[in-house]
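A.B. asks: After the structure tokens below, expect a handful of questions from me.
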Amino acid sequence: MSEVEETINRIKTHKGVSGIVIMNSEGVPIRSTLESNLTLKYSGEISQLAAKARSVVRELDSQNDLTFLRIRSKKDEIMVAPDRGYILIVIQNPDCDQGS
Numbered sequence: 121m122s123e124v125e126e127t128i129n130r131i132k133t134h135k136g137v138s139g140i141v142i143m144n145s146e147g148v149p150i151r152s153t154l155e156s157n158l159t160l161k162y163s164g165e166i167s168q169l170a171a172k173a174r175s176v177v178r179e180l181d182s183q184n185d186l187t188f189l190r191i192r193s194k195k196d197e198i199m200v201a202p203d204r205g206y207i208l209i210v211i212q213n214p215d216c217d218q219g220s
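First residue of the sequence shown? That's 121 in my numbering, and the numbers climb one at a time after it.
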């Protein structure tokens, strides 16, 4: 678990990062820096979106797979890194990155 903690701490130091959620492939949160209700909201919605995005990528090319998904809204940027056993979600304020 120390490697996971080190990774979370490293990501948290990036400018604008407001939250990190790690969930298993079924969408169950394993570790989060968000409040419980936000953790459940993000994990539920993003797991469905990542599954759909993965399905679209495979539908377009059966030899391909989803490796990263980036969603930008007016307020936040949500970066999703799906893997075999887990999904990593990082939420950040994209405006904090400007001017660096």
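Where is the CB? At the ideal position from N, CA and C, for every residue including glycine.
#1: Restricting to runs no shorter than 3 residues, where is the beta strand (DSSP E) found entirely within the region 172 to 209?
#2: Can you name the residues that DSSP bridges to GLN212?
#3: Pick from VAL176, ARG178 and VAL148: whose alpha carbon is nearest that of GLU165?
#4: Does the Cβ of GLY136 lie closer than 7 Å to at least one heavy atom of the ligand COA?
#5: Identify the continuous alpha helix (DSSP H) that holds SER122 and give its terminal residues.
#6: Which word fits ILE198, buried or exposed, when buried means at least 16 other C-beta atoms lie within 10 angstroms of its C-beta?
#7: DSSP on SER152, reduced to helix/strand/coil?
#8: For CYS216, which option in THR153, ARG174 and ASP196 has the closest C-alpha, if you only look at C-alpha atoms?
C.D. replies: Let's see:
#1: Within the region 172 to 209, the complete beta strand (DSSP E) runs of at least 3 residues are 189 to 192 and 197 to 202.
#2: As a first step, residue 212 must be located in the sequence shown, where it is residue number 92. The partner list for GLN212 (beta bridge, DSSP) reads VAL137 and GLU197.
#3: Position 45 of the sequence shown, counting from 1, holds the residue named residue 165. Nearest C-alpha to GLU165: VAL148.
#4: The ligand COA is absent from the structure shown, which contains no ligand whatsoever.
#5: As a position in the sequence shown, residue 122 is number 2, starting the count at 1. 122 to 132 is the span of the alpha helix (DSSP H), which, as asked, contains SER122.
#6: Reading the sequence shown from its first residue, position 78 is the one you call residue 198. Buried, by the Cβ-count rule.
#7: Residue numbering aside, residue 152 sits at position 32 when the sequence shown is read from its first letter. The answer is strand: DSSP assigns SER152 an E or B state.
#8: Counting from one through the sequence shown, the residue named residue 216 turns up at place 96. Taking each of THR153, ARG174 and ASP196 in turn and checking the Cα distance to CYS216, the smallest one comes out for ASP196.
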